[in-house]
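Chemist: Protein chains in written order, with our numbering: chain B, 17 to 266; chain G, 3 to 308.
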Amino acid sequence: MRLVQAEILKLRRRRGTMIWCALLTIGAVVVAEIVLLSLHAANPSKHGAAGGAENLKNLLFLLGGLGNVAAILIGSAAGSQDVSAGVFRDLVVTGRPRPTLFSVRVPGALAVFLPLLAVAYGIAVACAYGFAGGKPQPTGGEVVHYAIYLVALCGIDIVLAIGLAAFASSRVVVSVLIAWNAIVSHLLISIHSLGGARTFIDVAAADHFLPAGVDDAAIAMGTATAIVVLLAWASVFLTAGRLWTQRRDA
Amino acid sequence: MDSVIETKALTKKFGSRSAVDGVDLHVPAGVAFGFLGPNGAGKTTMIRTLLGLTQPTSGEVSLLGLPQPSKRREALARVGAIVEEPRFHPHLTGRENLKIVAAARDRAADTRIPDSLQRVGLAHRADDRVKTYSLGMRQRLGIARCLIADPALLILDEPMNGLDPAGILEMRHLIRAFVEEGRTVFLSSHLLDEVEKTCDQIAIVDRGRVVVQGGVSDIAATGDPTVLLAVDDADAARRVLATDPRVTNIEAEGRELRITLAEGLDSGEVNRALVTAGIAVSRLEPARASLEEKFLAITSRLEGNE
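(1) Would you say Arg107(G) lies against chain B (beta-carbon separation less than 7 Å)?
(2) Suppose you measure from the CA of Ala256(B) to the CA of Gly179(B); what does that come to, to the nearest Å?
(3) Helix, strand or coil: which one does DSSP assign to Ile7(G)?
(4) Could you pull the DSSP bridge partners for His28(G) from this structure?
(5) Do you know offhand how far Ala69(B)'s Cα is from His56(B)'s?
(6) My guess is that Thr228(G) and Val29(G) are in contact by the Cβ rule of under 8 Å, so how many angstroms apart are they, rounded?
(7) Which residues bound the beta strand (DSSP E) around Asp208(G)?
(8) From the DSSP output, which residues share a beta bridge with Lys151(B)?
(9) Is there at least one Cβ from chain B nearer than 7 Å to Ile102(G)'s Cβ?
(10) Report the rounded CA-to-CA distance for Thr194(G) versus Pro40(G), giving the unit in angstroms.
(11) I want to verify the contact list: residues of chain G whose CB lies under 7 Å from the CB of Arg18(B), in sequence order.
(12) Pull out every residue of the stretch 45–68 of chain G whose Cβ sits closer than 9 Å to any Cβ of chain C, in chain order.
(13) Please name the residue or residues paired with Phe188(G) in a DSSP beta bridge.
(14) Does the Cβ of Gln97(B) have 16 or more other Cβ atoms within 10 Å, making it buried, or fewer, making it exposed?
(15) Taking only the alpha-carbon atoms, compute the straight-line gap between Val272(G) and Pro247(G) and give it to the nearest angstrom.
(16) Determine, using beta carbons only, whether Arg257(G) comes closer than 7 Å to chain B.
(17) Tell me the DSSP secondary structure of Gly32(B) in three-state form.
(18) How about the stretch 37–56 of chain G and the stretch 75–93 of chain B: do they share at least three Cβ pairs that are nearer than 8 Å?
(19) In whole angstroms, what separates the C-alpha of Ser92(B) from that of Ala213(B)?
(20) I'd like the span of the alpha helix (DSSP H) that includes Val128(B), first residue to last.
(21) Answer with yes or no whether the minimum CB distance from Gly102(B) to chain G is below 7 Å.
(22) Using CA atoms only, rank isn't needed, just tell me which of Ala222(B), Pro60(B), Ile50(B), Gly67(B) is closest to Ala233(B).
(23) For Glu308(G), which residues in the same chain have their Cβ closer than 8 Å to its Cβ, ignoring the five residues on either side in sequence?
(24) Under 7 Å between beta-carbons, which chain B residues line up against Leu78(G)? List them in chain order, please.
(25) Does the separation of the CB atoms of Lys14(G) and Val25(G) fall below 7 Å?
(26) Going along chain B in order, which residues have a C-beta closer than 8 Å to the C-beta of Leu94(G)?
(27) When you compare only the Cα positions, how much space is there between Glu172(G) and Gly95(B)?
(28) Is the stretch 104–121 of chain B touching the stretch 44–64 of chain B in the sense that three or more CB pairs, one from each, lie closer than 8 Å?
(29) Could you tell me whether the Cβ atoms of Ser118(G) and Ile157(G) are closer together than 7 Å?
(30) Strictly below 9 Å CB to CB, what residues from chain G border Ala266(B)?
(31) Does DSSP classify Ser61(B) as helix, strand or coil?
(32) State the CB to CB distance for the pair Thr33(B) and Leu82(B), rounded to an integer number of angstroms; the pair is presumed to be in contact (CB under 8 Å).
(33) Between which residues of its own chain and Tyr165(B) is the CB-CB distance below 8 Å, once the five residues before and five after are set aside?
(34) Buried or exposed: Lys133(G), going by 16 or more other Cβ atoms within 10 Å of its Cβ?
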């Protein structure tokens with residue numbers, strides 16, 4: 017627990033990273049909501065109410081895309097900061113096993129990221145209900161599905177970033193994972209000739225948690241399959257990162 | 003516990019090159035032990051191998067009487083170390099950096115943070131970010147980081163590096179204070195003078211091999227005795243001394259001579275020979291060979307062997 021708290025301390029004191037992550041999550045939702053409210057106030061007949069189920073869905077995709085980047089930033093920082101600062105060897109000479117020093121990065125990064133995501137999503141949900149006007153409000157089921165989707169999509173990226181950062185610099189990690197999430201995975205999902213193999217793409221597995229009909233391009237799979245795919249990705253990256261951390265010269 | 007560090011035939015190879023080459027080291031408890039060698043001699047690799055930061059190719063290591071790596075955690079719980087230059091998270095304060103490492107140690111480590119900062123004179127800057135610290139302050143913070151373990155053994159890699167004369171003096175006093183408290187300090191350095199002033203025992207290392215180890219004064223005193231002379235006629239004295247084969251070396255500088263005596267000749271006989279020849283001797287004293295001279299003699303002998 018003390019090691020996890022130490023991870024949280026290291027991450028929260030990274031002022032630049034934390035400001036960017038807050039902007040990409042809470043800031044993005046607040047700005048989008050202000051724009052929606054302003055448009056509605058300026059021309060109510062053309063622009064409907066700023067809340068409602070449809071706007072929550074739009075905000076969800078905004079938060080999914082930008083929150084994903086924030087998750088990668090935090091994950092890559094958590095995974096690389098000890099080595100890049102030259103402090104890893106000082107932690108190793110305390111006698112703590114290296115796998116432990118590696119593993120505590122995951123709960124540390126999640127503990128820093130998830131509150132940001134929760135606040136951003138909370139604002140989006142509150143606005144969806146508060147400013148719905150005459151529009152249909154989101155159902156409780158939709159709210160829960162969206163939350164699970166966000167946690168799955170961003171959580172898996174934190175884990176992948178931490179695992180990958182054991183091998184590569186944080187810049188490389190950020191570039192590779194953003195490219196994967198924004199371009200490569202969606203390209204692969206859109207290639208129909210890949211058939212069932214697309215089930216094994218983490219982004220496709222995270223998409224499974226969206227409510228039915230929200231994403232037309234979603235790959236059909238069961239909840240158990242989606243969970244297994246996400247856990248498999250996490251397991252592969254964490255195992256590789258842990259092994260590398262264990263074997264490398266500190 | 004007789005020795006806090008014990009190695010047997012310890013070897014670390016990088017490819018075909020041996021950075022540490024069959025080292026047998028014995029560091030007794032309660033001393034300041036200098037690991038002395040020129041740059042690239044293998045000092046840091048030796049320290050990294052002792053601490054398990056890199057795996058040895060072969061050989062045995064024991065720390066605080068505990069075999070490594072099987073009892074690594076138990077041993078390192080009572081070891082504080084600075085390897086190469088002390089590094090920290092620059093965006094954290096000095097105190098926060100200590101908290102990070104204290105979290106990896108036992109619970110009591112947290113409670114030792116204020117005293118450790120006080121001890122190294124950083125209490126007033128403890129809440130400033132480390133990126134604003136000078137190199138000397140980072141060295142001291144590195145020592146504070148060692149102290150939160152309440153270490154029986156401190157391993158310091160070139161602790162005087164980058165320090166100004168006042169900082170070096172302060173570090174020397176700190177190290178001696180640690181020894182007074184019963185801790186053992188193992189420090190590597192290429193600063194011979196500092197090692198001589200700070201350490202009780204030394205090992206001289208060159209090209210990965212320990213060439214000699216023992217007490218500082220014992221090592222400095224090895225070899226043929228040397229005598230310093232001041233005479234009224236250096237040339238005449240030189241001629242007189244040159245006739246005695248037991249005088250193995252004569253160096254003259256003005257009216258002063260530095261001569262090396264072989265076994266069987268003492269300084270009294272030298273004095274009598276010079277006075278008998280009509281040469282006035284105004285000074286005659288045994289020259290204390292410095293560690294630096296011994297070090298250079300040892301390492302240059304090794305170079306000559308190659």
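Yeah, the Cβ is synthetic: ideal placement off N, Cα and C, and Gly gets one too.
Modeler: Taking the structure as given:
(1) yes
(2) 7 Å
(3) strand
(4) Glu8(G)
(5) 16 Å
(6) Their Cβ separation, rounded to whole angstroms, is 30 Å, which puts Thr228(G) and Val29(G) out of contact at 8 Å.
(7) 203–208
(8) Note: Lys151(B) sits in no beta bridge, so no partner.
(9) yes
(10) Here residue 194(G) turns out to be Leu, not Thr, going by the sequence shown. When rounded, the distance between both Cα atoms is 10 Å.
(11) Ala105
(12) Included in the structure are the protein chains B and G, with no chain C among them.
(13) Phe35(G), Ile157(G)
(14) buried
(15) 12 Å
(16) no
(17) helix
(18) no
(19) 28 Å
(20) 121–146
(21) yes
(22) Ala222(B)
(23) A caution first: Glu308(G) carries a pLDDT of 47, below 50, which makes its placement in the model unreliable, though a value can still be read off. Answer for Glu308(G): no residue qualifies.
(24) Val109, Thr110, Gly111
(25) no
(26) Leu25, Lys26, Arg29
(27) 37 Å
(28) no
(29) no
(30) Arg50, Leu53, Gly54, Leu55, Thr56, Val85
(31) coil
(32) Incorrect: roughly 14 Å between the Cβ atoms, too far for contact.
(33) Leu76, Gly80, Ala222, Asp223, Phe225, Leu226
(34) exposed
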